[in-house]
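For the protein sequence lines, the chains are E and V, in the order given.
Going by our numbering, the first sequence opens with residue 264, and the numbers climb by one from there.
Going by our numbering, the second sequence opens with residue 5, and the numbers climb by one from there.
One structure is given here, and the rest of the page talks about it.
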Amino acid sequence: MVAALNAGLRDALAGDPRTLVFGEDVGALGGVFRVTEGLQAEFGRDRVFNTPIAEAGIAGMCVGLAMGGWRPVAEMQFDGFSYPALDQVISHIAKYRSRTRGRVEMPVVIRIPSFGGIRGKEHHGESPETYYAHTAGLKVVVPSSPLDAYRLLRLSIEDPDPVIFLEPKSRYWSKEDGELSTEGPGIGRARTLRDGDACAIVCYGAMAARCMEAAASLAEAGTECAVLDLRSLVPLDVESLRDVVRTSGRAVVVHEAPRTLGMGAEIVARIVEEAFDHLEAPVVRVTGPDVPYPPASLEDRYLPSVERIANAVRATVGY
Amino acid sequence: MSTETARADVPMVQLVAPDGSAMGDTEVGLTADERRELLRLMIRTRRLDRECWSLQRQGELTVYPPYEGQEAAQVGSAFALGPGDFVFPSFRELAAAVVRGVDVVEYLQYHRGTWHGGPYDPIASRFAPICVPVATQIVHAVGWALGSKLDGAGTCALAYFGDGSASEGDFHEGANMAAVFGAPVILFCQNNGWAISVPGREQYGAPIAARAAGYGIPGVRVDGNDVLAVYTVTRRAVERAQAGDGPTLIEAMTYRIGAHSTADDATRYREEAEVQAWRARDPIARYQAFLLGAGTIDEAFVAASEAEAETWVAEIRAGITALGAPPDAELFEFAFADPPAPLLEQRRELIGDA
């Protein structure tokens with residue numbers, strides 16, 4: 264996935280001279296995860312550059328650059344360090360188009376390596392999606408695979424509106440065969456990773472792979488589940504969500520973030536609104552508990568496991 | 005007399021004394037017409053500020069932040085900019101907006117409550133939206149200026165902020181990044197003595213201009229009620245920025261004669277004697293006396309300027325009071341370039357298919 268994201272940035276930089284890439288350590292080092300590796304050498308220090316450690320400043324510079332007709336792609340080094348930028352994101356990046364009556368667009372992408380699962384120190388395993396998804400004016404996307412990461416990143420950079428691009432760190436080293444392409448589902452569309460009429464599993468980001476694993480093991484016992492990778496949390500693909508749940512009348516929603524007011528709350532509410540008459544069982548959430556993200560030694564207990572997901576499906580199907 | 009921390013280690017640029025006498029070389033590269041224009045603009049903007057206060061009291065505007073006393077700081081600095089330069093204001097810079105040619109009725113939509121911070125065209129007027137979150141506009145200006153540098157445009161950005169804003173992290177991040185990137189930007193602090201009710205001595209331990217040294221950029225303190233001095237130091241910073249020599253921090257020492265806003269009661273935290281002392285340093289009376297003494301204007305010019313301002317604000321009042329609420333559909337119009345399906349559904353639910 265790192266290579267796909269790197270290719271996405273490279274192609275965006277090559278395709279549009281107004282695209283800029285900047286953030287902490289994105290220059291010579293290539294970013295702490297190497298997503299920007301080689302880009303400064305290829306495109307020069309004017310277009311790919313390091314910044315001081317100043318997340319609010321990084322996000323705020325995006326506003327000024329966008330006003331000057333640039334397309335800034337900023338990197339926040341880690342989820343837990345993105346919070347100083349929230350004021351700029353919420354107060355300006357999200358609102359600028361509205362407050363200027365559409366006269367000033369914010370084609371800004373903020374990439375944030377996010378979520379847990381890499382045995383990181385504290386502040387390195389946060390799930391910040393709800394903060395952004397609840398902020399009107401932002402789009403929020405989370406790729407789950409390398410090819411989709413490339414596609415979503417290119418589409419995010421082309422988008423006239425600001426996009427918060429959450430990269431699942433634990434999938435950075437995952438591989439996928441195929442052509443890098445922007446063809447395929449756009450922002451605002453979910454992907455059906457697997458069909459099945461016993462139960463729908465709804466997920467995004469790193470949980471997609473776990474849900475596929477759970478679905479595979481359930482299939483061995485004859486329970487065929489559909490797996491819906493949302494990809495785009497804002498806008499949410501309500502139509503696909505409705506269709507997949509109506510098929511089986513059963514749904515399990517999975518995310519890493521703490522349960523209360525996590526994305527699952529919105530997803531379940533949507534399911535109830537859109538598919539109430541089709542439901543055969545209560546919708547179940549498999550999520551992180553409502554505690555701060557734990558140290559590495561407790562990470563596996565915290566994160567939704569294949570077993571927890573499969574158990575939830577079994578309970579739902581057997582309801 | 006001042007609420008400013010008593011520190012004399014940063015010299016203050018002054019060209020015209022409060023009594024209107026010259027204190028230095030007042031040949032600052034302005035023509036006689038331009039000198040008169042500075043006065044005309046200050047007379048206009050003061051009249052406008054008082055009209056806005058009245059409009060608020062009459063229920064025609066929502067909360068309004070007055071700038072009386074700060075006309076020289078705003079007019080002198082905005083006048084020093086070139087047409088391609090870009091202003092990033094805070095929320096008290098209506099006088100600067102007038103100088104930049106922003107449509108005043110459109111601007112006042114913000115205070116009318118008919119739209120948020122960017123009701124005028126920010127790109128065409130080179131004047132960014134009104135910015136209320138304290139100090140956030142400073143980093144916007146740095147970003148814009150960096151873009152201008154990358155374009156080789158030879159233009160600069162100017163960010164207005166107050167003494168209160170200088171305590172925010174965004175001031176520091178902006179100043180540091182401006183220095184690191186050599187961005188053509190002017191960080192223009194209007195130190196008006198008070199952050200709502202908190203005086204300078206409770207906000208900082210050293211002059212704000214002195215911080216520039218720590219960032220490795222020039223810092224200048226100027227008498228903010230001396231329009232010629234403000235113009236001169238800003239013009240120097242503009243030329244520096246446009247020549248590729250990077251940012252400048254300017255601290256203009258001025259005073260907010262009125263309250264923080266129409267919702268504030270300044271008598272609760274400051275003495276009337278202090279206000280009177282600053283009235284004696286009034287930027288308009290001082291400059292008017294200077295121009296009269298130099299023979300650049302006569303009393304008739306002042307009278308004509310005041311009459312002209314009167315006519316002008318009457319037009320603005322008529323424009324403002326005619327402004328109604330925008331159509332309901334505009335609630336949904338601008339959030340996204342292409343409103344997504346879930347938002348269109350909410351639109352139908354709230355206002356139908358109108």
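All residues carry an ideal CB built from backbone N, CA and C; glycine is no exception.
Being a predicted model, the structure only gives us computed values, none of them experimental.
- DSSP places E:R577 inside the alpha helix (DSSP H), whose first and last residues are V569 to V580.
- No Cβ of chain E is located within less than 8 Å of the beta carbon of V:G156.
- In the structure shown, E:G286 adopts extended strand secondary structure according to DSSP, grouped into three states.
- As the crow flies, the alpha-carbon of V:A333 is around 11 Å from that of V:Q350.
- For the pair E:V367 and V:G105, the Cα-to-Cα distance works out to about 19 Å.
- Among the residues of the stretch 128-141 of chain V, those with a Cβ less than 9 Å away from any Cβ of chain E are A128, A132, P133, I134, C135, V136, P137, T140 and Q141, in the order of the chain.
- Shown here, E:A538 sits in a helix according to DSSP, grouped into three states.
- Among the bridge pairs identified by DSSP, V:A77 is matched with none.
- Taking the Cα of E:R273 as reference, the smallest distance to any Cα among E:I420, E:I321 and E:D288 is reached at E:I420.
- For a cut-off of 8 Å, the C-beta gap from V:L253 to V:G218 is around 10 Å, too long to register as a contact.
- Distance from the Cα of E:M330 is smallest, within the candidate group V:Y235, V:L191, V:P126 and V:A216, for V:P126.
- Checking the DSSP bridge columns, you'll see E:T455 partnered with E:L491.
- If you draw a straight line from the Cα of E:I381 to the Cα of E:G388, it is about 8 Å long.
- Between V:P211 and V:R225, the CB-CB gap stays under 8 Å.
- For E:R334, the uninterrupted beta strand (DSSP E) segment begins and ends at R334 to E338.
- Taken atom to atom, the span from the alpha-carbon of E:L542 to that of E:V569 is near 24 Å.
- Taking 8 Å as the cut-off, the Cβ atoms of E:V501 and V:A345 count as close.
- Between E:I321 and E:A348, the gap from beta carbon to beta carbon is short of 8 Å.
- The three-state secondary structure of E:K402, taken from DSSP, is strand.
- In the three-state scheme derived from DSSP, where H, G and I count as helix and E and B as strand, V:A341 is classed as coil.
- Distances from the CA of E:T455 to each of E:V497, E:D506 and E:D279 were compared; the closest alpha carbon is that of E:D506.
- Counting every other CB atom within 10 Å of its CB across the protein chains shown gives E:Y582 a total below 16, marking it as exposed.
- Counting only Cβ-Cβ distances below 7 Å, V:H115 has no contacts in chain E at all, with the closest Cβ about 14 Å away.
- Interface with chain E (8 Å Cβ-Cβ cutoff): V:V143 is included.
- Interface with chain E (8 Å Cβ-Cβ cutoff): V:E177 is included.
- The count of Cβ pairs closer than 8 Å, one atom from the stretch 235-242 of chain V and one from the stretch 252-272 of chain V, reaches three, so the stretches are in contact.
- For the stretch 89-121 of chain V, the residues whose beta carbon sits under 7 Å from a beta carbon of chain E are, in order, W119, H120 and G121.
- In this structure, V:P287 lies away from V:A101, with their beta-carbon atoms at least 8 Å apart.
- Contact between the stretch 26-46 of chain V and the stretch 59-67 of chain V is not established, with fewer than three Cβ pairs separated by less than 8 Å.
- Against chain V, the beta carbon of E:P498 has neighbours under 8 Å at P344, A345, P346 and L347, listed in chain order.
- One finds R366 in chain E with Cβ atoms closer than 7 Å to the Cβ of V:D125, taken in chain order.
- In this chain, the alpha helix (DSSP H) harbouring V:I288 covers P287 to A298.
- V:S171 sits away from V:C135, with the two beta carbons spaced by 8 Å or more.
- By the criterion of a C-beta distance shorter than 7 Å, E:S361 is surrounded in its chain by G400, once the five residues flanking it on both sides are discounted.
- Pairing E:P406 with E:D553, the inter-Cα distance amounts to about 24 Å.
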